[in-house]
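*Asks:*
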Amino acid sequence: STDPAAALFKAISLANVDHISEALQVLSTFSLQLDASVAAIKASIHIHNDCQVVDREAVSHLEDTLRDKLRNARTAKSLYLESLYLYLIGENEEAISAAESSVKIESNSPKVLALLGWLNFDSKKVRIAARYFAQALQDKENSDAALGELHCINPLEGLARINKLVVRHPREMVPIIYKIELLLSTRQWELLADSLLRAAGIDSTNLSVLQIQALKLVIDGKYEECIAIIEKLHTEIEQQEPRAWWLFLENVSLFSRVCGGNLMLYSCLERYAKSALRVCTIKGSPKVLLEIGHFYYLWGKQMFTTGVNEIDVREKLKLAESTLRRAANSDESTRSLVFLIMIELVNTDTIKKQVYDQLDVLSGLGVEKDNPEFLLAKILARTITDQDSIVQLLDKAVTAQQNKSSISKYGVSYLITLDPQFLVDIAVAYPKSKLGEKHRIRVLMLVVETIPGFVNASLDLGRAHLSLGQLEEALNIFEHVASVDSSNPHGYLLQAQIYIMKGDFDKGRDLLELGLSNNLQVMEFPLYHRLQANVAKSNNDDNLVITELKQAITMNKGKNMLSQEELSEAYLDLSDAYMRTNKKKEAAEAIKEARELLSGTDDNSIVTIAQARLSLTNGDIRGALSLLSSIPKGDPSYIQAQKEKAEIFLKELQDGLGYTQCYQALVEADPSTDNLTMLADAYMNIQEPELAIQTYEKAMGMNANDKLSCKLARIFVKCHQYSKAIKAYKNSGEEGSLELAELLLKLNQPEKAEQALANLPLSKKAITLAKIYEKLNDFPRAIVMLREATSMQTAADPEWSAKLYRQMAVYCTSQRDYKEAIDLYKRALQYTPNDSSLQIALVKLYMQVDDWTNCDETCKAILAKEPENEPALLTTADLALRRVDLPAAMSSFSSILDRRPDYWVALARLIEVCRRCDRLDSALPYLQLAKEKSGGHTSPGLSYCQGLYEWYKGDTQAAVASFNSARTDSEWGPQAVYNMIEMALGQSGNINGAATAHRLLAELKPRGEDEENTIGLVEGFIRLATGDKSEIERAIIDFTSLANSEFLRVGASLGLATGYAEQNQIARAKAVLKRIAKLPWSLEEADYLERCWLMLAEIYINNGAQQAAQAQELLQRVIIHNRSCIKAFTLLATLATKENNYQKAGEHYRQAWHLSGESDPSLGYKLGFTQLKSKQYADAIATCQRVLQLHPDYPKIRKDILEKALPRLRT
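All letters in the sequence shown, in the order written, are residues 11 to 1221 by the numbering used here.
(1) For W914, count the other beta carbons within 10 Å of its own beta carbon; 16 or more makes it buried, fewer makes it exposed. Which is it?
(2) In terms of alpha-carbon separation, which member of E151, G945, R892 lies closest to V923?
(3) Between the C-alpha atoms of I57 and V48, what's the straight-line distance to the nearest angstrom?
(4) If you compare alpha carbons, which of S107, N173, R791, N164 is closest to S195?
(5) With C-beta atoms as the reference, is L1198 less than 9 Å away from L1216?
(6) Using beta-carbon positions only, say whether L917 and A899 come within less than 9 Å of one another.
(7) Could you tell me which of K661, D645, E606, E876 sits nearest to L676, measuring between CA atoms?
(8) Between the C-alpha atoms of N989 and W982, what's the straight-line distance to the nearest angstrom?
(9) Considering only residues of the same chain and omitting the five flanking positions on each side of A543, which have a CB-CB separation below 6 Å?
(10) For the alpha helix (DSSP H) holding E1157, just list the boundary residues, first then last.
(11) Tell me whether G231 is buried or exposed, calling it buried when 16 or more other Cβ atoms sit within 10 Å of its Cβ.
(12) State the DSSP-derived secondary structure class of A851, mapped to helix, strand or coil.
(13) According to DSSP, is K1015 helix, strand or coil?
(14) What's the gap between the Cα of E599 and the Cα of S573?
(15) Leaving out five residues on either side along the sequence, give the residues of the same chain with a beta carbon under 7 Å from the beta carbon of A1155.
(16) Taking one C-beta from the region 22 to 36 and one from the region 71 to 85 each time, how about it: are there three or more such pairs within less than 8 Å?
(17) State whether the region 661 to 679 contacts the region 693 to 709, with contact taken as three or more CB pairs (one from each stretch) at a distance under 8 Å.
(18) Near W309, what residues of its chain come up, given a Cβ to Cβ distance below 6 Å and the 5 sequence neighbours on each side ignored?
(19) Would R1127 pass as a contact of E1168 if the rule is Cβ separation under 9 Å?
(20) Answer yes or no: do L1011 and I1042 have a C-beta to C-beta separation smaller than 9 Å?
(21) Indicate the three-state DSSP secondary structure (helix, strand or coil) for S195 in the structure shown.
(22) Hey, how far is the Cα of G999 from the Cα of T1036?
(23) Can the beta-carbon of I426 be found less than 9 Å from the beta-carbon of E320?
(24) Look at the Cβ atom of L1052, then the Cβ atom of G1069, and state whether they are nearer than 9 Å.
(25) Which of the three DSSP states is assigned to S1172 in this structure?
(26) Please name the residue in R797, F314, S93 whose C-alpha comes closest to that of M818.
(27) In chain order, which continuous runs of the alpha helix (DSSP H) of length 4 or greater are located wholly inside the region 464 to 534?
(28) So, is V1060 buried or exposed, given that buried needs 16 or more other C-beta atoms within 10 angstroms?
(29) With the cut-off set at 9 Å, would you say A969 and L958 are in Cβ contact?
(30) Going by DSSP, what residue range makes up the alpha helix (DSSP H) through H1?
(31) To the nearest angstrom, report how far apart M352 and V27 are at their CA atoms.
(32) Relative to the C-alpha of A1141, which residue among R1133, I1111, H1164 is closest?
(33) Mind checking E1019: buried by the 16 CB within 10 Å criterion, or exposed?
(34) Reducing DSSP to helix, strand and coil, say where C61 ends up.
(35) My output table needs one value for L369: the three-state DSSP class, helix, strand or coil.
Below, the structure written as structure tokens:
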């Protein structure tokens, strides 16, 4: 080349790879050129001086020549070339001086201005550099200045500009490589992947592209895919730059620090290490030796950590030691000495005295000021024991790493300088204390944010969160681990552990199964069996608990051992399982084995707790208390021991004072926030809210936090101190905001409740906000808001998404939009397909729209998975009832009650079905069984069922007493009150009955529009019962309005028809009833519809024989649905009487008389009369005697029937 600038680049490059002769030959061509001679001669002198053996004669000749040249005036180009040479050898200050002199001669030279830009940029003078690049860009073709300017501006702005260059030069590699570097620095991973593909399409052997391709895969944790790229990169360096030792070294430095300790990658990187050692120059040798020694140290340490055989570990550490000793001999830096110490500390169980001596020597040299590795070495060697000092030194080391890396953008240089692997080593060294864990989290968060695929760092981060009880944060981390590496067993095991800790055993079991399906080695982890034991315990399968715990203890060896604490807890649970299965001998043996294994450790006291539990099982309460009292203050199990003592005092001795004294002892030993909180909770458990409040306030004074504020607010709520509760909630963050809104909603302040949620994201407040809109009767707004919230949810939180869809379905149901509600329930089931409560809700909706097929199929699907699912069994029975298959319904409800006698909903349904089957007495054994099950305690549900049975039996007084017992209950109270109102109104127009009914109705507090309308309906019937004309008129107006409601149409029509009948407008009543009579029977409106049929039938009967058939059909319809309807049989008897068919009339009256319990004298009279007419004199006499026995003051039957039947019987 005839370009002197290019020649300088070439010559310096050749010299860097020890091609001295070739470099000098390139420069000799330009030594005689006017403008290039000074730069060429200076470069030649520099190259000679860097040789191991310096040619002094040649240097002397060159220096003489240089002096001659310098006597001549310098040109701008000459100064530019000199500046370029100085820049290439790293002498930036001198280079800037030469370039500035060149600019003074020729102020507008784009090349010089661009060079000044790079010189200032490398000196961290970015603003000055940017100014020079801008001046150089007056020549728009100056790509060097264009790239320089991109380095000086914001990366995002730089991307916009580089894109223009990429478009202008689509086949050029320089713009696209710089774009790749910018995308990497801004961590735009998807765009980076696209650009890497494009670059590889242009030149698949480009070294920069291959390096960043490999780096991207490592960042993603895709180590196996990365290996092929790294091997290809090595091959290409060997072919393209075989003497460029720094390229080999850079890749060793980069990938060994970011690969997460992957042993396959270390093995692959060894080729780079050997190549760097083979081709490195004398000048580069110390740096190479130091880095390669460090590489072998990292490899050996990782082998030791992962449990690789000792021979391989020693081999790698020996290589590291020998390489670092060579580095120490050739380099004044103390880093190699520090790494030699670190090698000795790989196994901290055996620290040699010489390590302490070496640390002392280095401390004397002031090494720790700028050497983070040295700080870590001192801590690993346990020369510092004070935890606060350890935390401070490690923080100092982290800060040093961050400061060094902050001068670079995210990329190769940044990652090498930051050294994520070293940060992980620092994080591991933090003390295992609350303070240590918090600082460990901060460091590991930095690592995981920098390298998301660094699985080991993620696992350590998750465990740190777990140790602090931050379950959600830990869970998110472990889910991330499973997404990065689906075969990693730790991600699944630790997720399962968290769900089990939260009590979600089904989710925990599913994760264990998922982990096993992805990696069968999961079964080789003791933790797997420990967690399976927890799941088995939740299912009350103690035999499986014992099997799994024994397996966990047997397998507890190797690198995946349980921690000492986990092992002690496993023994504790094993002894508990033996006790629960009455295997006390085996429990004692397990405790003995644990005692031997854990003797002398901090967890030995766990064995004492197990022994105390065994004593308690044997009835030795005092012995158990004595054992627990033997655990001293300061012991790790002291808190648990005090808790167990407290439970014994409370449950076994019913000693509230002893119970709270245990928690007071905890506070005396350590008046921490946690212990004060436990004492406050204890006060609440013995109903001492005032003491609880005082204790919580004391805890708040020590360490106010959101959780404590929330607890305090809850106690204020329990004490009905709502203003204080609101104040406490306002100081309790997001959780408090939600609960504050709930409280304000209960206090009927929906607008304030909405304000309390203002600062929360929609994803968190959606359900509560929906309840607020519900309170405001703004269901459309609630549905729109919930739909918006579902659009924000992802598959990562399926349960929350299902909850949102469920709530929308509930609102759509309330708005009678059943089709949409069904679709929404189905959407919810897509997120949580095993949620049987959602399926039950869907079944009820199918039932509501008379979709019997889907209803039946869904119930069968539920029972196929859960044969004992009570709501599904109840719904199946309900389905039979709605289909009017009364025998099947009775059988289904009976089978449910055989399984669970105190299932009040099923018992109430059975009584209803038995009544409709005219087999009410069949319900009595189940009622008696429920009473026995309740053990003398009468629950509201039992009282309601008792009242229902007594009402249907005709014992009104007893029914009222039973319903009265249930009337204050939130679940059974409203229906009990409605039944009492119905009984009061049954007193045939008695005004006192109407007054009683009105007083009862006033007790009901409607929740929503439907309940308000139902109360309005009942109020209308009460108005009718008064018999007052104005009240009847008002009732008719109300019923007319309510008749438009689909939900209340039948009841309102009955009331309307009754009102018209009271006004003698029989034709209008008949018209209303005829419209309703065509509707299908439904359980919800059964009573009202049957009464409509009866009233219409009575009208037909009164109209004469021409409508007798229609009346007969309606009455038979009533009896099909309700075989105990007295009035239906009475009207059938009336029809038969009108037809002079007294025998048939007598049969109907006999059934009505039987259904009334033979208590209604008027029915007895009618029965006796038809028996007399049909010449059944003996039966007539018996009926009269029964009536007179119960009602002696009913003489009419004696005169009209008995006195006529007796003589006829004689004749």
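For every residue, glycine included, the Cβ atom is placed at its ideal position computed from N, Cα and C.
All values derive from a computational prediction rather than experimental measurement.
*Replies:* According to the data block:
(1) W914 should be labelled buried.
(2) Nearest neighbour of V923 by Cα position, chosen from E151, G945, R892, turns out to be R892.
(3) Going by C-alpha positions, I57 is about 14 Å away from V48.
(4) Of S107, N173, R791, N164, the residue nearest in Cα terms is N164.
(5) The beta carbons of L1198 and L1216 sit no closer together than 9 Å.
(6) No. Outside cutoff.
(7) The shortest C-alpha separation from L676 is found at D645.
(8) Using only the alpha carbons, I get a separation of about 11 Å.
(9) When the five nearest sequence neighbours on each side are left out, the beta carbons in the same chain lying within less than 6 Å of the beta carbon of A543 are those of V555, E558, L559, in order along the chain.
(10) Unbroken alpha helix (DSSP H) run through E1157: 1152 to 1165.
(11) Flag for G231 reads buried.
(12) Helix at A851.
(13) Note: K1015 maps to coil in three-state DSSP.
(14) Rounded to whole angstroms, E599 to S573 spans 22 Å at the Cα level.
(15) Excluding sequence positions up to five before and after A1155, its CB lies within less than 7 Å of the CB of A1143, A1146, T1147, T1180, all in the same chain and listed in chain order.
(16) With the cut-off at 8 Å, the region 22 to 36 and the region 71 to 85 do not touch.
(17) Under the Cβ criterion (8 Å, minimum of three pairs), the region 661 to 679 counts as touching the region 693 to 709.
(18) Here the set comprises Y276, K326.
(19) At least 9 Å separates the beta-carbon of R1127 from that of E1168.
(20) Taking 9 Å as the cut-off, the Cβ atoms of L1011 and I1042 do not count as close.
(21) Note: S195 maps to helix in three-state DSSP.
(22) The predicted position of G999 is uncertain, since its pLDDT is 46 and thus under 50; no value can be drawn from it.
(23) Between I426 and E320, the gap from beta carbon to beta carbon reaches 9 Å or more.
(24) Cβ distance not < 9 Å, so L1052 and G1069 don't count as in contact.
(25) In the structure shown, S1172 sits in a helix (DSSP, three-state: H, G or I).
(26) Distances from the CA of M818 to each of R797, F314, S93 were compared; the closest alpha carbon is that of R797.
(27) The region 464 to 534 contains these whole alpha helix (DSSP H) runs: 465 to 477, 481 to 494, 499 to 511, 515 to 528.
(28) V1060 should be labelled buried.
(29) Yes, these two residues count as a Cβ contact at 9 Å.
(30) Missing from the structure shown is residue 1; the chain here goes from 11 to 1221 and no further.
(31) Distance between the alpha carbons of M352 and V27: 32 Å.
(32) Residue identity differs from the one stated: residue 1141 is Leu in this sequence, not Ala. Ranking the options by Cα distance to L1141, first place goes to I1111.
(33) Answer is exposed; the Cβ neighbour count stays below 16.
(34) C61 falls in the coil class under three-state DSSP.
(35) Reduced to three states, the DSSP call for L369 is helix.
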